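There are 4 protein chains.
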Amino acid sequence: MNKIKLGILGGGGDSLIGVLHRVASNMYDRYEITGGVFNPNYDENISFAKKIGVNTGRVYDDFDTFIEEETKIPIEDRIEVVSVLTPNFLHFPMAKKLLENGFHVICEKPLTTSYNEALELESLQKQHEAIFAVTYTYTGYPMVRHMKHMIAKGELGEIQKVDVQYYQGWINPVIHDPEVRKTVWRLDPKKAGISSCIGDIGTHAFQMTEYLTGMEVKSILSDLNMLYDDNSLDLDGTVLIRFSKTVKGVIRASQIATGEENGLTVAIYGKKGAFKWEQENPNILYHITDDKPKSIIKPGHAFVSDVANDGTKLPGGHPEGIFDAMGNIYKGVAKALRSENAFDGEYPNMNDGVRGMLFIEKVVESNKNGNVWVHLDNQ
Amino acid sequence: MNKIKLGILGGGGDSLIGVLHRVASNMYDRYEITGGVFNPNYDENISFAKKIGVNTGRVYDDFDTFIEEETKIPIEDRIEVVSVLTPNFLHFPMAKKLLENGFHVICEKPLTTSYNEALELESLQKQHEAIFAVTYTYTGYPMVRHMKHMIAKGELGEIQKVDVQYYQGWINPVIHDPEVRKTVWRLDPKKAGISSCIGDIGTHAFQMTEYLTGMEVKSILSDLNMLYDDNSLDLDGTVLIRFSKTVKGVIRASQIATGEENGLTVAIYGKKGAFKWEQENPNILYHITDDKPKSIIKPGHAFVSDVANDGTKLPGGHPEGIFDAMGNIYKGVAKALRSENAFDGEYPNMNDGVRGMLFIEKVVESNKNGNVWVHLDNQ
Amino acid sequence: MNKIKLGILGGGGDSLIGVLHRVASNMYDRYEITGGVFNPNYDENISFAKKIGVNTGRVYDDFDTFIEEETKIPIEDRIEVVSVLTPNFLHFPMAKKLLENGFHVICEKPLTTSYNEALELESLQKQHEAIFAVTYTYTGYPMVRHMKHMIAKGELGEIQKVDVQYYQGWINPVIHDPEVRKTVWRLDPKKAGISSCIGDIGTHAFQMTEYLTGMEVKSILSDLNMLYDDNSLDLDGTVLIRFSKTVKGVIRASQIATGEENGLTVAIYGKKGAFKWEQENPNILYHITDDKPKSIIKPGHAFVSDVANDGTKLPGGHPEGIFDAMGNIYKGVAKALRSENAFDGEYPNMNDGVRGMLFIEKVVESNKNGNVWVHLDNQ
Amino acid sequence: MNKIKLGILGGGGDSLIGVLHRVASNMYDRYEITGGVFNPNYDENISFAKKIGVNTGRVYDDFDTFIEEETKIPIEDRIEVVSVLTPNFLHFPMAKKLLENGFHVICEKPLTTSYNEALELESLQKQHEAIFAVTYTYTGYPMVRHMKHMIAKGELGEIQKVDVQYYQGWINPVIHDPEVRKTVWRLDPKKAGISSCIGDIGTHAFQMTEYLTGMEVKSILSDLNMLYDDNSLDLDGTVLIRFSKTVKGVIRASQIATGEENGLTVAIYGKKGAFKWEQENPNILYHITDDKPKSIIKPGHAFVSDVANDGTKLPGGHPEGIFDAMGNIYKGVAKALRSENAFDGEYPNMNDGVRGMLFIEKVVESNKNGNVWVHLDNQ
């Protein structure tokens, strides 16, 4: 099957989100990064493209040139889908123009800076029948997908309560000094829009709520905390939610939950049972009921739904992070090949391999001779 | 910086180890897969190369051709390092010939099928001054590297006890029926060598022991279990180990620990404290001492050593598996673009984005109006 | 020191709360159960007194007789403090009369059935200078006390957010059938008062909030769920709380959180750090901060505050439940002594002791002889 | 039913084991402490008896007097069973004389100081048909009993591997200084016998192994560590065990596992599944299999065996330690009644009760009025 031609806007330099999208697009051998505009500065743009191995012929000066030049290319060679990784305020104009010119879009969240812009994009998307993804990344975890699938199948019965939390503490160290907090872009309405905490992480909690239950929240009541009079954006908020008169829930989000890292947690209670999940331990899904022992569901097993196993590349017991472990070994080898400073033990070397073979032989020898001590001297 | 030219032997078709090495090599933008021999069958080899986007010009008929052709290429364009992902018995002949022809090598474990072969490779490697990695993958986890680093710095004081476990249960369903167990290649000495359990996973435990402590095991005493008379290879073993007369430990490995997935655990006790770590929860490192509360060390923080943070791509609280979550979203989009059957919710779509913007605006409105209920109707 | 003379009202028959108060009163050798009224039925009352080993001379017909007779006894021999374990609606009249007659009181929660009654009791207590405890049991856990103490000492800095949850699922199996839910006394306003969920467990969460922070909640906003029109009492509720304009929190309580057992959890975030605690794992207190590894505080260590260690009877690592473990062994022996049906292994017996001595001797022998196999045959 | 008359030898003063046995004997209202010898010193003995509320008429000068006087009492009034809580070397002579005089015995572990003494006691016990318990306390946990019961019922199928660990670190702070280690009684062969680590905790692990599996260990091979030449007793040991040629296991015990508290853990693997349990979290039992999600079994549920629920006094979700929580509240009240220094918040008081009632009323009011803010001012 021919690969999908992917364009990327933004994500250059040290961008973490850029790394995340590139590694992700590569994971199932289905995309090739065909071109894009990684940086506003053309030279940096080109040198970044070289660094990541993208053909510079389709790395463009700016977004307008991208549209102009790509649309000249015959449809079968043209970039099909574009990942928008630029600052939030650029999501709307870029996504809009991409849709108008027939591209499919993968857009980082938040989709836009206002609801009206979002509606405009939605209307364009329908008109152009485009594929449009908003990267609420946490929905990609196998156990989240299993949860959604099982809820849809009725495993929990009718839902009767939803509790979703997203607690972080990162703003605590910079919020209490008036001079410091002035400098935080997240707290500047011009850059962050009308909300800090809810806009950044509350939306994840909200999307997860609707994504998992398959139900729409009908009304909400919120209480936000700005903590200081000279700060106009929320740092913390509790939102009461109602799906109907008798199906309720609560979304709790905070950036001043001191010491919390990325504490997105989900608890969904139905008449027949409940699921509980925590983003910081994403391979574990708890299933509890009235009358059976709590069970711990993990990916990679036959008892897990296809939708989850389709997103699981390794057998049970291998946390997904094992890709990173192997990636770090490859990095260690790269440093050695390029004579860069490496940490001690950055990749397991020949001696590790040799000792391993010695170990196997001596273990078998000790056992064969009646469980006696044997020495492990390298020759 | 120009990328490292990587060749790959094996890892074609549905090979999981192939996926793992490809994703890993891509993670830090330092390698390009230049060529290789992915499958013994030439047609499959070529179609696999196309699938993963490798230039077929340097995909060869077989290993001998690979060596012959690559060595004709000028040194600056030649493949520099080759990943050997073939069945175990091929590791030795391939690695040997690669070293003899001036290639660097990344070799899957076990290094060879005997200690003597391993010694021969080691001698060749020294002679050719080659970089040679053996992919004991678990050493790549940031918390394993932090552990090694802190032990070397003396955080635990003198080591006085080491306990490493590697328990799996995968062989339990196939071991009890005489007809079934005959068919397991791991239990065939011709294919698996002199050991099953110790050779496959005991070596990981052993390597971890020496890797983390920086000490060499001097002698061992083992007790292996073959469970049935008609089975000649070990399924389970306990190995007493000694670093010196008073520094001892134990390595425990099993393939009949029913229900265990990939239970590699490490506990290292020194005079000043101990570290405990579990592969199935790899982002957590426990540090315990005589007189302070137990502490939980996680990657991505300033208090973690450089060697660990160098292998951590995201801020604290984001499990490494988030790459997979994003990868699954990209796969969902790919299915949509190719009109393949997709699961419901395989990527978050426009509506998720629109609802998110609505949510933010309504939350701010409810709060501003004195914490009252507001409706969340899409226009 | 002479023991405190304790009277008990209620708690007879199979009452669990009775067991809890009796075992608790005995734990530090400071009380003796001198008399009381355990059951409304006199014969049962007396036979229960005999069963638990209370002198029947001061077991009375009813509460009025209790007051009449005890007040005739010279003050130095009179019951000093009375535990009120009767149904909720009796708490007020009994506590009132006890206070009026000069007794100290230990009263189960809820204190009364209305706020006005509670105020009346408070006024009486002040007038009589009585000791009056309300048994919010969870405040007795050593780690809860440590938390309170450390917060008072400023360990967390100024508090900026409080999140307390009390989720149970017990009402789920009996709520969905209209005929069944009619029979649940907790849902009958005549027996349960104006609230089910908040009255029963929300109050625990509220008390914990004020107990731990040392601050008073100033205002609240609640959303309750009755689930069915023919049910008038709350089964679930979220309560927004404010200590001040910028110090906020949320209390969440539910009896329809299907599958939850007794999920009281606490998270208190201050400028300098946070504490997190869960009732179902009460020996663990998490302390998190901006810049240090998460630490796990457990009782019985020198680094724990005196107030916590004063309530810890055993060294670190022995969960408090070990009393129950030993209690079960004593019960096993009692069954044997009374020739009752016992479960196999209900107490460890002579053979266990004998085998233990054999094991020790053989272990030492194997080691002394150079780590060889020795047999473990009983003589 | 009349209570069992219990005598106690030892356990006076600040003895923790004394507290444990007294509280335990009281838990099910089946024993009364009738007399004993708590201390070698008569005055202390009597004053201790008064403190714990035991009739001093049957508190004796010494053990010989105890035997002499009790045996004069008519059989129906005589002490029936005696708990032996004295130093280890006294277990044998006391238990022996008790058996010879017709008493039943509850004896602390280790049973004796040598296997021969143990055999002598066993023979006496059989001759006198006495009830004799050795208090391996950990067998009293409900989840341990459930495990034993389910294994006996075949839940795990044939056992194929057993792994029991007992790691402590308490000796680490006192072992490395030659002057300090001389003073540790556990390391003095005259006081501790032939073994320190195995004798003290290895025996628990061994007993648990046989108790749970219902099988006898047939042979063992051990490796002990004394760490220093001037120390003759083991501080750490690994013991290979065999139930049969193909059913094996390992017992690991240590007192130099720095930072470990009381780390008794059990893993038992059978053909059909496995159980895993940890003493420091005793209410949790993990059940794992080849093909179902891991399940977490907790006490107090209908799905748990009778033998476990018979030893569980409270509903699911209440950790057994709740007795201690209530005990601490009673202690706080006792301090108040005796005008002793108390910690702040040592018992929840009238104000907690009053605030609770206010909270309930205001929550209901806020909800009724449409989820609005209401104030919580005490009148």
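Residue numbers (my numbering), protein chains in the order written: chain W, 36 to 414; chain Z, 36 to 414; chain E, 36 to 414; chain V, 36 to 414.
Positions of the beta carbon are idealized from the N, C-alpha and C atoms, including for glycine.
The model shown is predicted, which means the values in this text are computed figures rather than measured ones.
T100(W), buried or exposed, once every other Cβ within 10 Å from all chains shown has been counted against 16: exposed
Buried versus exposed call for R180(V) [16 or more other C-beta atoms within 10 Å across all chains shown]: buried
Chain E contact for I331(Z) (CB, 7 Å cutoff): yes
Cβ neighbour criterion (16 or more within 10 Å) applied to R373(E): exposed
Segment contact, 8 Å Cβ cut-off, at least three pairs: the segment 182 to 192 of chain Z with the segment 295 to 311 of chain Z: yes
For S254(Z): DSSP bridge partner residues: H410(W) and R277(Z)
Residue range of the unbroken alpha helix (DSSP H) whose run includes Y246(V): T238 to T248
Three-state secondary structure assigned by DSSP to K196(V): strand
For F310(V): DSSP bridge partner residues: I303(V) and H322(V)
Where T273(W) meets chain E, residues with beta-carbon distance less than 7 Å: L275 and V285
Backbone CA spacing between V54(Z) and P122(Z) [nearest angstrom]: 16 Å
Alpha helix (DSSP H) runs contained entirely in the segment 74 to 125 of chain Z, provided each spans 4 or more residues: 77 to 87 and 98 to 105
Alpha-carbon spacing of D345(W) relative to A130(W), whole angstroms: 29 Å
The segment 78 to 96 of chain E touching the segment 376 to 396 of chain Z, judged by at least three CB pairs closer than 8 Å: no
Sufficient close CB pairs (3 or more, under 8 Å) joining the segment 160 to 179 of chain E to the segment 248 to 263 of chain E: no
Status (buried if at least 16 other CB within 10 Å, exposed otherwise) for S401(W): buried
Candidates N297(Z), D212(Z) and A302(Z), of which the one nearest E295(V) by Cα: A302(Z)
The alpha helix (DSSP H) enclosing E214(E), as first and last residue numbers: P213 to R216
N-terminal and C-terminal residue of the alpha helix (DSSP H) that S401(V) is part of: M385 to K403
Short CB-CB distance (under 7 Å) between S309(Z) and chain V: Note that residue 309(Z) corresponds to Ala in the displayed sequence, not to Ser. With 7 Å as the cut-off, A309(Z) counts as an interface residue toward chain V.
Cutoff 7 Å: P328(W) Cβ touching any chain V Cβ: yes
Assigned exposure category for N74(W) - 16 Cβ within 10 Å defines buried: buried
The alpha helix (DSSP H) enclosing F167(Z), as first and last residue numbers: Element bounds for F167(Z): not the alpha helix (DSSP H) but the beta strand (DSSP E), F167 to V169.
Chain V contact for H181(E) (CB, 7 Å cutoff): no
Strand pairing of G298(V), partner residues [DSSP]: Y202(V)
Beta carbon of Y246(W) nearer than 7 Å to that of T174(W): yes
Opening and closing residue of the alpha helix (DSSP H) in which H184(V) lies: P177 to A187
Where Q162(E) falls, given that 16 or more other Cβ within 10 Å makes a residue buried: exposed
Against chain E: residues of the segment 396 to 410 of chain Z by CB proximity under 8 Å: N406
Unbroken alpha helix (DSSP H) run spanning A227(W), endpoints: P224 to A227
K132(W) (DSSP reduced to helix, strand or coil): helix
Under 8 Å from the C-beta of I338(W): neighbouring residues of chain V: What sits at residue 338(W) in the sequence shown is Phe, not Ile. Under the 8 Å cutoff, chain V gives D326, K327 and P328.
First and last residue of the uninterrupted beta strand (DSSP E) at Y365(Z): Here Y365(Z) belongs to no beta strand (DSSP E); instead the alpha helix (DSSP H) covers I357 to L372.
Those residues which DSSP pairs with G70(W) across a bridge: G42(W)
Sequence-distant residues of its chain with Cβ nearer than 7 Å to N363(W) (five each side left out): none
Segment limits, beta strand (DSSP E) that includes H139(E): H139 to C142
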